[in-house]
Amino acid sequence: MTKVPEPGTLLNIDRIRHELNQTMFGGHIHAFNQVSSTNDVAKQLAKQGAPEGTLVVAEQQTRGRGRYSRKWSSPPFVGLWFSFVLRPKVHGENVGLVALLSSVAVAELLCESTAQVTLKWPNDVLVQGRKVCGVLGETDFHGARLSHVVLGIGLNVNQTADMFLPHLADRVISLRMAKGEIIDREQLLMNLLVRIEELYSDFSAGRFDKIVGAWKARCGQLYQQVQVREGECRHIGHIVSIDDYGRLVLRLAGGQLLTTHSTDLVPFGGEQSPSRE
Ligand code: BTN
1404 MTKVPEPGTL
1414 LNIDRIRHEL
1424 NQTMFGGHIH
1434 AFNQVSSTND
1444 VAKQLAKQGA
1454 PEGTLVVAEQ
1464 QTRGRGRYSR
1474 KWSSPPFVGL
1484 WFSFVLRPKV
1494 HGENVGLVAL
1504 LSSVAVAELL
1514 CESTAQVTLK
1524 WPNDVLVQGR
1534 KVCGVLGETD
1544 FHGARLSHVV
1554 LGIGLNVNQT
1564 ADMFLPHLAD
1574 RVISLRMAKG
1584 EIIDREQLLM
1594 NLLVRIEELY
1604 SDFSAGRFDK
1614 IVGAWKARCG
1624 QLYQQVQVRE
1634 GECRHIGHIV
1644 SIDDYGRLVL
1654 RLAGGQLLTT
1664 HSTDLVPFGG
1674 EQSPSRE
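With our numbering applied, the sequence shown covers 1404 to 1680.
Take a look at the structure:
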């Protein structure tokens, strides 16, 4: 049986490099003890021409960030903080689905060993209703042509409850807290990258329905009534799906469908829709 490394142990990047050498992520791994943000490093490498699959992993981030430039706490030894470069050959509009496929990959993998794993729009992964993982996607276009996407994943793995800020206590969780055991971060990272590559090859082959289906199967908000804000407009509807462009699909009261990229969304009323897609 493989011994699970104690928390406080550095990720063994040589092992990761060796075991992933046949995969798209094995060939270009940049590992750091500390960086400001793995997304920033990966973006810089991508701009310098780094190939698809370039992976940046850090033990610790000093300026880890989430969506809306929120701070992402990234202490050493206890989490997985990594980013990778993709160069999808698809229309720019489909690129929204790429960030979603990463959270789907995380959710599917966690589900194999953890109870109560759900997805929350746009790409949070929750365990027991608390956030365990976030994805930050950043795109770069040359004119109308998509140049690259950098996806950054932050996964809370071995934190104990006291390592989170008190005001977040009931909203965040680590896998260790959920499962009551220390998790092997290296194995988790490798399994995750393999799963991401599988879903990414579905994406690249245009099998968007597989990603949409997997997202719907894991979404904890499906058929919930929500209010979505798009600029000055507010819409109330039930979440029924995502589309091939990675947009949220709502069924409005009149029955018509609304697709939106908006992430400004709150529960509304709490009723369940009787009709399912
Ligand atoms: C979110 O939920 O708002 C997204 C959080 C993304 C955090 C990860 S950690 C690795 C990568 N580097 C960053 O600075 N952010 C992402």
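Every residue gets a Cβ at the ideal spot worked out from N, C-alpha and C, and that includes glycine.
Check                                                                                                                                  : Outcome
Buried/exposed call for histidine 1641, threshold 16 Cβ in 10 Å                                                                        : buried
Range covered by the alpha helix (DSSP H) that runs through arginine 1418                                                              : 1416-1422
heavy atom of the ligand BTN below 7 Å from threonine 1441 C-beta                                                                      : yes
Selected residue, minimal CA-CA separation from threonine 1465, among Ser1439, Leu1483, Val1481, Leu1489                               : Ser1439
Length of the line joining the Cα atoms of arginine 1470 and phenylalanine 1428                                                        : 24 Å
Same chain, Cβ closer than 6 Å to serine 1486, five either side skipped, listed in chain order                                         : Thr1441, Asn1442, Ala1445, Val1459, Val1553, Gly1555
Outcome for asparagine 1424 when other beta-carbon atoms lying within 10 angstroms are tallied against a minimum of 16                 : exposed
Closest Cα partner of glycine 1623 within the set Val1643, Gly1634, Ile1432, Gln1590                                                   : Val1643
Through-space distance from aspartate 1605 to isoleucine 1614, alpha-carbon basis                                                      : 8 Å
Beta-carbon gap between valine 1631 and leucine 1660 smaller than 8 Å                                                                  : no
Burial state of glutamine 1447, where buried means 16 or more other Cβ atoms lie within 10 Å                                           : exposed
Among Met1593, Ala1572, Ser1516, Gln1451, nearest to isoleucine 1416 - alpha-carbon criterion                                          : Met1593
Contacts around valine 1535, its chain only, beta-carbon distance under 6 Å, and the 5 residues preceding and following it disregarded : Val1528, Asn1559, Ile1576
Check whether arginine 1418 and glutamate 1600 have beta carbons under 8 Å apart                                                       : no
beta-carbon arginine 1574 near the ligand BTN non-hydrogen atom, thresh 7 Å                                                            : no
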